[in-house]
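Residue numbers (the UniProt record's numbering): 1 to 736. By construction, the Cβ of each residue, glycine as well, lies at the ideal position given by its N, Cα and C atoms. Please read the structure below before turning to the comments.
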DNA sequence: CTGCAGACCTGCGTC
DNA sequence: AGGTCTGCAG
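This is the structure in structure tokens:
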């Protein structure tokens with residue numbers, strides 16, 4: 001069979017990666033080097049050149065979007081969908097294994113997946129039942145602790161005992177949480193992975209079956225794998241199978257959620273005869289942009305080493321704009337966007353990237369004022385929205401009235417006279433008798449255990465759910481019709497309609513969208529492990545964000561955080577708010593390794609740009625209600641100077657005469673000088689790290705500085721008075 | 001039981 | 001500044 005079509009359109013390195021022998025291989029794919037392309041062609045190659053059945057292949061990604069894209073591109077290249085191949089996210093595949101082998105995994109058949117919101121609710125519920133002090137152990141932190149343990153593959157029993165009461169409390173909470181999940185058949189996201197790993201570990205026959213089945217496993221974004229994902233992969237691949245890991249250590253930006261960059265660095269230790277290929281030719285960006293990215297990232301240690309290059313010319317230098325404040329910064333960005341638009345460019349080809357979501361508001365306001373369409377990426381997932389989760393909870397309750405989580409959620413939504421007091425009583429009875437809340441409610445109604453008014457409200461609710469249950473049984477109704485009826489019977493539409501503002505309108509829209517999504521849901525696509533379309537739909541709703549942005553196809557400027565920009569590309573990119581304390585985030589200064597991660601995040605940002613990149617920062621910024629003065633980010637200094645140019649806006653904005661913008665290149669020089677002088681603030685005797693004394697605020701530590709001459713200011717962390725910025729020429733500071 | 005007013009906290013956010 | 005959560009008045 002002629003397989004040349006698979007290799008024809010590739011460069012030498014890509015071809016080497018695609019046509020590599022059937023052995024373990026690591027493809028270090030730089031930004032814009034054709035990573036997905038290699039992965040897809042590799043799959044086609046394995047199928048055609050080695051005649052491996054798609055049934056024997058598994059491809060793992062991190063997001064549903066990536067999984068869908070891969071599936072679509074395989075189909076495009078090969079001509080037919082890869083029948084029998086497993087393509088999915090880590091969680092999706094783990095879930096599939098658990099549904100198929102629920103008994104071996106020690107689960108009940110009806111187990112349910114919780115999202116982070118459900119998890120938090122459960123933790124709160126447990127803590128309240130046990131009367132644990134929520135100020136000492138904040139529920140959010142408890143969740144965070146549990147998830148971090150699971151990322152590391154540890155159950156409560158594996159958490160090492162430490163002797164401080166706080167950690168002990170955390171561990172204890174984990175125990176109680178585990179118990180509650182077990183009892184109610186609930187699995188959080190981390191549990192899916194942990195359980196799938198244990199399933200393989202404790203069932204050698206099953207493990208052997210899958211090891212023999214999957215001849216080759218492919219993993220995308222390998223630098224993002226955490227400990228448990230890595231352990232599971234090692235098991236699944238085994239001694240006989242092999243792996244193709246594709247990733248980029250320079251784009252590892254999820255350390256805070258358990259990703260271990262070491263996994264990619266240590267790959268050769270655990271997978272024998274690892275064949276490493278570097279893809280360094282970039283097809284996305286201009287020379288200047290790549291040079292800037294290379295220069296920046298070279299400041300990180302412990303890299304596997306990679307240098308991007310292109311043969312498509314230098315392009316324009318990167319423009320740096322110093323805004324007077326965040327308003328000015330936004331105005332500048334929109335000015336450039338208008339220029340590009342008027343030159344005939346599509347808005348969807350322009351992206352504004354920022355470090356944190358809070359930064360988007362000022363930019364949005366400016367876009368609205370100028371009537372430029374925009375779209376914000378990320379933010380709330382469709383199925384995470386309150387109104388959607390409520391509708392889904394009604395469906396859950398209709399399927400299984402003993403689902404306490406769902407019951408708690410909707411028993412009084414919309415309000416129907418069942419308040420905290422009544423719910424408390426139901427909960428109490430349920431706990432005393434070890435039955436579900438539904439059964440408890442049933443007793444209240446039949447034995448009149450509560451005042452008539454409350455009992456009647458409960459009775460009404462139960463009849464409502466029973467009605468929904470029979471709707472569910474109606475074989476003539478499709479999934480969409482069922483949701484339509486559930487929403488109508490629950491009265492969710494009028495409930496949200498009377499909400500004030502545009503919020504309610506949006507919620508009603510979303511509910512309609514849910515009916516749409518349910519009608520369009522194709523059960524057959526999701527294979528044989530599910531007992532009913534409704535069950536499959538509910539699981540999918542938890543695992544898939546549901547990209548349901550209504551105006552997805554409208555031509556609009558793209559706004560997103562740097563994190564959600566990974567994997568995307570745009571001809572015109574703005575990186576906004578590139579200031580010390582913001583980017584790199586001040587929180588990255590404390591923990592070792594975090595600054596490097598911030599730098600990688602900046603690298604990701606730079607490499608999103610195809611033709612033109614603007615870096616902007618503001619000299620003063622209002623954030624969280626108070627004003628801060630940050631110096632330009634160190635990352636700007638780390639970019640080779642010849643790649644940069646300073647820009648000023650022609651239409652000058654009004655600014656106080658006294659606040660002249662300092663010359664940008666001068667400020668860089670100044671900072672370089674500062675570094676050479678060991679962070680000494682010019683013309684003073686105060687240095688970073690000095691202890692100083694202030695006549696009013698008392699003693700403190702100098703933690704930051706900026707400006708020079710009469711404007712020079714230092715940030716002092718006072719022992720008692722907190723952190724303050726002081727102008728050196730006014731504040732009478734004494735160095736201790 | 002419900003609705004409003006003040007306290008709180010505040011990074012990124014897949015599944 | 002702004003959303004969520006808790007506490008009190010109707």
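Measure how close the beta-carbons of residue 292 and residue 643 come, nearest whole angstrom, since I'm counting them as under 8 Å. Taking the first chain and counting its residues from 1, the one referred to as residue 292 is at position 292. Taking the first chain and counting its residues from 1, the one referred to as residue 643 is at position 643. 4 Å between Cβ atoms; contact.
Touching by the beta-carbon criterion (3+ pairs, under 8 Å), the region 101-108 and the region 118-133: no
If the criterion is Cβ atoms closer than 9 Å, does the pair residue 383 and residue 544 meet it? Sequence index remark: in the first chain, residue 383 carries index 383 (1-based). Sequence index remark: in the first chain, residue 544 carries index 544 (1-based). Yes, they are a contact pair.
Option nearest residue 356 by Cα separation, candidates 377, 280, 143: Here residue 356 refers to the residue found at position 356 when the first chain is read from its first residue. Comparing Cα positions, the closest option is 377.
Taking the Cβ atom as the reference point for each residue, do residue 247 and residue 216 lie within a distance shorter than 9 Å? Against the first chain, residue 247 aligns to sequence position 247. Against the first chain, residue 216 aligns to sequence position 216. Not a contact, by the Cβ cut-off of 9 Å.
Return the residue from the list 67, 362, 580, 79 that minimises the CA-CA distance to residue 47. Working through the first chain from its first residue, we reach residue 47 at position 47. Comparing Cα-Cα distances from residue 47 to each of 67, 362, 580, 79, the minimum goes to 79.
Throw me the rounded Cβ distance for the residue 631 and residue 699 pair, which I believe falls under 8 Å. Walking along the first chain from the start, residue 631 turns up at place 631. Walking along the first chain from the start, residue 699 turns up at place 699. With a Cβ gap of about 25 Å, residue 631 and residue 699 do not count as contacting.
I'd like to confirm the pairing. Which residues does DSSP put opposite residue 585 in its beta bridges? Numbered from 1 along the first chain, position 585 holds the residue referred to as residue 585. Answer is 581, 582, bridged to residue 585.
Across which residues does DSSP place residue 227 in a beta bridge pair? The residue you call residue 227 lines up with position 227 of the first chain. DSSP, once it has assigned bridges, lists no residue as partnering residue 227.
Complete runs of the beta strand (DSSP E) confined to the region 62-134 [at least 3 residues]: 86-89
Spatially closest choice to residue 229 from 260, 212, 239, 211, by CA coordinates: Within the first chain, residue 229 is the residue found at index 229, counting from 1. Here the closest residue by C-alpha is 260.
Can you tell me whether residue 86 is buried or exposed, with buried defined as 16 or more other CB within 10 angstroms of its CB? Start at 1 with the first residue of the first chain, and residue 86 comes out as number 86. Residue 86 is buried by the Cβ-count criterion.
Would residue 34 be called buried (16 or more neighbouring beta carbons within 10 Å of its own) or exposed? Reading the first chain from its first residue, position 34 is the one you call residue 34. Residue 34 comes out buried.
Under the DSSP definition of a beta bridge, which residues are partnered with residue 58? Taking the first chain and counting its residues from 1, one reaches residue 58 at position 58. Paired residue(s): 86, 217.
Quick one: any contact between the region 461-479 and the region 364-373, if contact means 3 or more CB pairs under 8 Å? no
If you compare alpha carbons, which of 736, 615, 611, 641 is closest to residue 315? Taking the first residue of the first chain as position 1, residue 315 is located at position 315. Nearest option by C-alpha distance: 611.
Taking the alpha helix (DSSP H) that residue 389 belongs to, which residues open and close that run? Within the first chain, residue 389 is the residue found at index 389, counting from 1. That run of the alpha helix (DSSP H) goes 386-399.
Under a three-way DSSP split, which group does residue 610 fall into? The count along the first chain starts at 1 and reaches residue 610 at position 610. If DSSP states are grouped into helix, strand and coil, residue 610 belongs with the strands.
Straight-line Cα distance separating residue 323 from residue 294: Counted from its first residue, the first chain places residue 294 at position 294. Counted from its first residue, the first chain places residue 323 at position 323. Cα-Cα distance, rounded: 26 Å.
Can you name, in chain order, every residue of its own chain whose Cβ lies under 6 Å from the Cβ of residue 737, other than the five neighbours on each side? A question about residue 737 goes unanswered here, because the residues of the chain that appear run from 1 up to 736.
With distances taken from CA atoms, which of 401, 353, 648, 566 is nearest residue 65? Looking up residue 65 in the first chain gives position 65. Here the closest residue by C-alpha is 566.
Just to confirm before moving on: does the CB-CB distance between residue 511 and residue 388 stay below 9 Å? In the first chain, counting from the first residue as 1, residue 511 sits at position 511. In the first chain, counting from the first residue as 1, residue 388 sits at position 388. Yes, they are a contact pair.
So, with DSSP's three-state summary, where would you put residue 717? As a working note, residue 717 is residue 717 in the first chain. Residue 717 falls in the strand class under three-state DSSP.
Distance CB(residue 577)-CB(residue 326) smaller than 9 Å: Indexing the first chain from 1 puts residue 577 at position 577. Indexing the first chain from 1 puts residue 326 at position 326. Yes, the pair counts as a contact, with Cβ atoms nearer than the cut-off.
Less than 8 Å between the CB atoms is what I'm expecting for residue 450 and residue 422, so what's the real figure, rounded? For the purposes of this step, residue 450 is identified with residue 450 of the first chain, where counting begins at 1. For the purposes of this step, residue 422 is identified with residue 422 of the first chain, where counting begins at 1. So it is a contact: roughly 7 Å between Cβ atoms.
Can you grab the Cα-Cα spacing for the pair residue 63 / residue 718, in whole Å? Along the first chain, one-based indexing puts residue 63 at 63. Along the first chain, one-based indexing puts residue 718 at 718. Their Cα atoms are separated by approximately 45 Å.
Please list the terminal residues of the continuous beta strand (DSSP E) segment that includes residue 319. Counting from 1 along the first chain, the entry for residue 319 is found at position 319. Here the beta strand (DSSP E) through residue 319 covers 318-325.
Just tell me which of 45, 582, 182, 143 has its CA closest to the CA of residue 109. The residue given as residue 109 occupies position 109 in the first chain. The shortest C-alpha separation from residue 109 is found at 182.
Where do the N-terminal and C-terminal ends of the beta strand (DSSP E) with residue 693 fall, by residue? Your numbering for residue 693 matches position 693 in the first chain. Residue 693 -> beta strand (DSSP E) spans 691-694.
Tell me the DSSP secondary structure of residue 701 in three-state form. Taking the first chain and counting its residues from 1, the one referred to as residue 701 is at position 701. Strand, per DSSP.
Going by the beta-carbon positions, is the gap between residue 313 and residue 287 smaller than 9 Å? As a first step, residue 313 must be located in the first chain, where it is residue number 313. As a first step, residue 287 must be located in the first chain, where it is residue number 287. Yes, they are a contact pair.
What are the uninterrupted segments assigned as beta strand (DSSP E) that are 3 or more residues long and contained completely in the region 10-42, given in chain order? 25-29
Is it buried or exposed, residue 453, if we count other Cβ atoms within 10 angstroms and call 16 or more buried? Working through the first chain from its first residue, we reach residue 453 at position 453. It is exposed - the Cβ of residue 453 has fewer than 16 other Cβ atoms within 10 Å.
Own chain residues within Cβ distance below 8 Å of residue 640, not counting five before or after: Indexing the first chain from 1 puts residue 640 at position 640. Excluding positions up to five away in sequence, the list reads 291, 292, 295.
Quick check on DSSP: helix, strand or coil for residue 493? Taking the first residue of the first chain as 1, we reach residue 493 at position 493. The answer is helix: DSSP assigns residue 493 an H, G or I state.
CA-to-CA distance, residue 494 to residue 416, given in whole angstroms: Translated into positions along the first chain, residue 416 becomes position 416. Translated into positions along the first chain, residue 494 becomes position 494. The alpha-carbon atoms of residue 416 and residue 494 are separated by roughly 13 Å.
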